[in-house]
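Protein chains in written order, with this note's numbering: chain E, 4 to 487; chain Y, 4 to 487.
Reviewing the structure listed below.
Number of protein chains: 2
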Amino acid sequence: MVTRFPDQPGFTGFDAPMRVEADLMDVEVSQGAIPENLEGTYYRVVADFQWPPKVDGDFFFNGDGMVMSFRFSGGHADFKSRYVRTPRFVAQAKERRALFGAYRNPYTDDPSVAGMSRGLANTNVFWHGGKLLSSKEDSPPMMIDPDTLETIGEHTFDGALTSQTSTAHPKIDPRTGEMVFFGFAAKGETTPDIAYYEADSRGVVIHETWLRAPYSSMVHDFAVTQNFVVFPIIPLTSDLERLKAGGPHYAWDPHKDVYLGVLPRKGNGADIRWYRGSNRFASHIMGAHDDGRHIFIDTPVSESNFFPFFPDLSGAGYEAEKAKGYLSRWTIDTMGESNGFTETKIARYPGEFPRMDDRRETLPYNWGVLALSDVPEQESPGRGFRWISSIDLNTGHSQIYYPGHDCSVAEPLFVPAHDNAEEREGYVFVVIGRHEEMRSDLVILDAAHLDAPPVATLKMPLRIRSGLHGNWVSATELARERTA
Amino acid sequence: MVTRFPDQPGFTGFDAPMRVEADLMDVEVSQGAIPENLEGTYYRVVADFQWPPKVDGDFFFNGDGMVMSFRFSGGHADFKSRYVRTPRFVAQAKERRALFGAYRNPYTDDPSVAGMSRGLANTNVFWHGGKLLSSKEDSPPMMIDPDTLETIGEHTFDGALTSQTSTAHPKIDPRTGEMVFFGFAAKGETTPDIAYYEADSRGVVIHETWLRAPYSSMVHDFAVTQNFVVFPIIPLTSDLERLKAGGPHYAWDPHKDVYLGVLPRKGNGADIRWYRGSNRFASHIMGAHDDGRHIFIDTPVSESNFFPFFPDLSGAGYEAEKAKGYLSRWTIDTMGESNGFTETKIARYPGEFPRMDDRRETLPYNWGVLALSDVPEQESPGRGFRWISSIDLNTGHSQIYYPGHDCSVAEPLFVPAHDNAEEREGYVFVVIGRHEEMRSDLVILDAAHLDAPPVATLKMPLRIRSGLHGNWVSATELARERTA
């Protein structure tokens, strides 16, 4: 079989698969200088098809996980990228072709791989309990060597992961070092079951409970505060019969309500309380906190389905305007009579990939950053995310970084200036796609002055796939928590 | 020190350093198909500055050697590239900056590296005696693992390499498996001493003799036939005082004659006979053979210096027209009275990087291939090599491959279709730079029908530096000769 990619969107031009496992010593600094005392690693994962897809119309959610690292020390940065050797990748490498079919649809797979994990480890890569984990929400995470990026193996928390799946968006409680996480479709594809876990700072599971959602859907992210966990049920619904018929895993149901399931931290699934709201879309959560009674959740909210590759059950086409999400605050009163929640719009411009200073996870916070798709005052050709904006959550004041014509931006990441830095004292890292030059930059911005010229521009000689999530691990943290 | 490359020709756009050590499984075949029974590896080396140059106006001859391989099996190809860990590379990696200065001028180096080998292993990579060797003519070759491309170490033929240098253009005698090679500047930079060696098929040196050239110059290639070796002395001269003054290693002397030094195979240096001709330039040799009395040498010959980065001692500027080389045949009568030689032009179009079927090395042959810089009938914007041409040496008939607008071509390579293939029965491999797309292709052409559509186009997601030389090692050869 000839290795040839389809001439279709997502597989051509700047979006073509890159597929290169790279080592690059001393990334060129084409502008500015890397802060001398920046010591740590920016881990990131992108989806990058190693083999041409088995099915027509495939999209990047179904690409193989490629973990990458920028390791900073003494004013220099080294880059590395490696495919995650999931069981799926290894099986396909033997045959040098795709054996797994459509996104989260095992009924489209080659019979030879029946029952094998379909995980791609392509969504997020994070550090906890001395382990670097790369994960996708349909499977257990994969453990990765933090220096070589070689795959160590599937991680099941010593068998404590009783769910078939594990979220790509765990939260780490900075006060305790606990990792709060969950699996949805926990009893198998399209099941409404959710398993909620907490692991202590060493990565040992210390809490497990199960619950059932009002309906089966993509539960991509969740909110964790000091006292609560909240599971958002958004009507991007899944259905087993549709899968069996070879249909898409998710479809947007414009007639279903949103549900926010609230449990106390380390609570029992039987005690979950559902707060209901009208039909709308939300996915990533910037941050969440509580005051003992009220829960505050900040997330971009749009009128309708954000993902053009998931159909609308009503038959309606994709509506780009309705898909635009505006950062908003949801407030739940856990002691009130109402089973509803309120929503207040925070941001002027539509955006996604919201992040904050992760050291404020679960706690009150003042500042966040996200990628914008539209800045009406600033003309910029093209589609997709093209600006980065910070936002002061107290004043609403925002600063905007624009990388220039014909560029795309990836998820921004806050990186503290040093181990004891204050909130907002540090940098915003963002990978920029320079489409005309068919290569990428890693731009380092001053978090407090996002609109100032970059602190440094790391000029990559190759394209970095527009991908998903990543995290910063300081050298101190890595050394302290690393397992033998 | 910030890692930043100069904004100068050779360091920008398509010519920017690539610096990526890559692994790429299953290179995409965007057109055609890789012949299923093609089993072997195309090794190639390019010059790719890992650190910004220490001196102004540096050029690619002084870049670090990056060895690459395309390994073919069962209709698939895997790509790999690795920097050669020369002593120089290792020393610079520790400091994360260039410590070595101008091309072949140790007087411009950082004092900390005085006496250390300046070798870059960036010119050719070849297989002999079960060893893969990457070499530059100013130093001993470096041994490379043929599978991982990791550097094993400097190779001195178990100490038998008494010269300080070793050519990047050894010839392997297909009848005996002997490797015929030499070192020039063998007693140190700018010395006119040449050491001539032969190693048996296991790589053991079985012959050594020394001679002195009429003057010190670049002796980049040489001719080897069944009965003779010929050392061409071309007036790209070197001079120790110029080096000490910080000047360029080579300069063109338009007033000096060319000398061809002839020795019998395994002869004594004292017996060398010099054949003299008027001032002209030549470098690479396509092939050479003898009929017992006459020696025939095929090489592109130009009126003047080919290299724009080496100055003219007369003060004349670079003359692009006079620099164009036309494949020509030199004939030496070893039994005649004359101390001259004749020259007959073979090719209509100027070109370089001549190659033939290496299995005909030292023997009569009928066919060769080279890169062309001008095809007057075919308009093509840009400069440099942009066509590949085969040539039938009996009929003069040529076939031309043109990869299209805005492309550059590298050295072509003949690859036999199988272990027992006839001359011209096989493929021509050539790396194409697709400048607008900022990436390269490896194109596989039918050697007998160079002007037909390619057999296969291997689409690379990254740029391959326009580099120097490479060779094919069949799987049979690799398995048979590999050392334990």
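The beta carbon of each residue, even a glycine, is placed where N, CA and C say it ideally should be.
**OP:** Take Asp29(Y) and list the residues in its own chain whose beta-carbon comes closer than 6 Å to its own, dropping the five residues that flank it on each side.
**Re:** His79
Original post:
Do the CB positions of Val48(Y) and Gly343(Y) come within less than 8 Å of each other?
Top reply: no
**OP:** Please determine, among Glu439(E), Leu27(E), Tyr329(E), Ile335(E), the residue with the shortest C-alpha to C-alpha distance to Gly354(E).
**Re:** Tyr329(E)
**OP:** Return the chain-ordered list of same chain residues with a C-beta closer than 6 Å to the C-beta of Gly387(Y), the five sequence neighbours on each side being excluded.
**Re:** Ser411
Original post:
Using 8 Å as the limit for Cβ to Cβ distance, is Trp54(Y) near chain E?
Top reply: yes
Original post:
Among Thr365(E), Pro303(E), Asn282(E), Ala326(E), which one has its Cα closest to the Cα of His292(E)?
Top reply: Thr365(E)
Subject >> Contact list for Ser33(E) against chain Y, beta-carbon separation under 7 Å >> reply: Arg7
Subject >> Element boundaries [alpha helix (DSSP H), containing Ala323(E)] >> reply: 323 to 326
**OP:** Please look up how many angstroms separate the CB atoms of Val265(E) and Thr337(E), rounded, as I've assumed it's under 8 Å.
**Re:** 6 Å
Subject >> Within 7 Å of chain E by C-beta, residues of the stretch 339 to 361 of chain Y in sequence order >> reply: none
**OP:** Quick one: using the 10 Å Cβ neighbour count with 16 as the cut-off for buried, is Ala487(Y) buried or exposed?
**Re:** Low per-residue confidence applies at Ala487(Y): pLDDT is 46, beneath 50, and the placement is therefore not dependable, though the value from the model is reported in the following sentence. Label assigned to Ala487(Y): exposed.
Original post:
How about Asp26(Y): is its C-beta nearer than 8 Å to some C-beta of chain E?
Top reply: yes
Original post:
When the cut-off is 8 Å and only beta carbons count, does His438(Y) lie next to chain E?
Top reply: no
Original post:
Does any C-beta atom of chain Y lie closer than 8 Å to the C-beta of Met221(E)?
Top reply: no
Original post:
For Pro12(E), which of Pro56(E), Gly43(E), Glu39(E) has the nearest alpha-carbon?
Top reply: Pro56(E)
**OP:** Consider the Cβ of Leu471(Y): report whether some Cβ of chain E lies at a distance smaller than 8 Å.
**Re:** no
Subject >> Opening and closing residue of the alpha helix (DSSP H) in which Glu380(E) lies >> reply: Unbroken run through Glu380(E): none, as it is neither H nor E.
Subject >> Interface residues of the stretch 58 to 74 of chain E facing chain Y [CB-CB below 9 Å] >> reply: none
**OP:** Quick one: list the residues of chain E neighbouring Pro464(Y), beta-carbon separation under 8 Å, in chain order.
**Re:** Ala19, Pro20, Met21, Arg22, Val23, Leu465, Arg466
**OP:** Counting only the same chain and skipping the five closest in sequence on each side, list residues whose C-beta sits under 8 Å from that of Ile435(E).
**Re:** Pro406, Cys410, Ser411, Val412, Ala413, Ser443, Asp444, Leu445, Val446
Original post:
Alpha carbon to alpha carbon, what distance is there between Ile175(Y) and Glu359(Y)?
Top reply: Here residue 359(Y) is Met; the residue named in the question, Glu, does not match the sequence. One C-alpha to the other measures close to 13 Å.
Subject >> Cβ pair count under 8 Å reaching 3, the stretch 118 to 129 of chain E against the stretch 54 to 72 of chain E >> reply: yes
Subject >> Chain-ordered residues of the stretch 416 to 449 of chain E with a beta carbon less than 8 Å from chain Y >> reply: Glu440, Met441, Arg442
Original post:
Between the stretch 289 to 312 of chain E and chain Y, which residues of the former have a C-beta closer than 7 Å to a C-beta of the latter?
Top reply: none
Subject >> Inter-stretch contact (C-beta, 8 Å, three-pair minimum) for the stretch 129 to 139 of chain E and the stretch 170 to 189 of chain E >> reply: yes
**OP:** Check whether the Cβ atoms of Phe73(Y) and Phe82(Y) lie closer than 8 Å to each other.
**Re:** yes
Subject >> Classification of His472(E) by the beta-carbon crowding that lies within 10 angstroms, buried from 16 upward >> reply: buried
Subject >> Selection of the stretch 89 to 108 of chain Y by Cβ proximity to chain E, strictly under 9 Å >> reply: Ala96, Arg99, Arg100
**OP:** Could you list which residues in chain E have their beta carbon closer than 8 Å to that of His158(Y), in chain order?
**Re:** Going along chain E, no residue has its Cβ under 8 Å from His158(Y), so there is no contact; the nearest lies around 24 Å.
Original post:
Buried or exposed: where does Asn108(E) fall if 16 or more other Cβ atoms within 10 Å of its Cβ makes it buried?
Top reply: buried
**OP:** For Thr534(Y), count neighbouring C-beta atoms within 10 Å of its own C-beta (all shown protein chains included) and say buried if the count is 16 or more, exposed if not.
**Re:** It is not possible to answer for residue 534(Y), since the shown part of chain Y is limited to 4 through 487.
**OP:** Identify the contact partners of His79(Y) in chain E, using a Cβ-Cβ distance below 8 Å as the criterion.
**Re:** Thr6, Arg99
Original post:
Can you name the start and end residues of the alpha helix (DSSP H) that Pro267(Y) belongs to?
Top reply: Note, Pro267(Y): premise wrong, no alpha helix (DSSP H); beta strand (DSSP E) at 261 to 267.
Original post:
With a cut-off of 8 Å, does the C-beta of Ala451(Y) fall near any C-beta of chain E?
Top reply: no
**OP:** Could you work out which residues of chain Y lie near Asp29(E), taking near to mean beta carbons separated by less than 9 Å?
**Re:** Thr6, Arg22, Gln53, Trp54, Ala96, Arg99, Arg100
**OP:** Confirm, please, whether the CB-CB distance from Ser393(E) to Val372(E) is below 8 Å.
**Re:** yes
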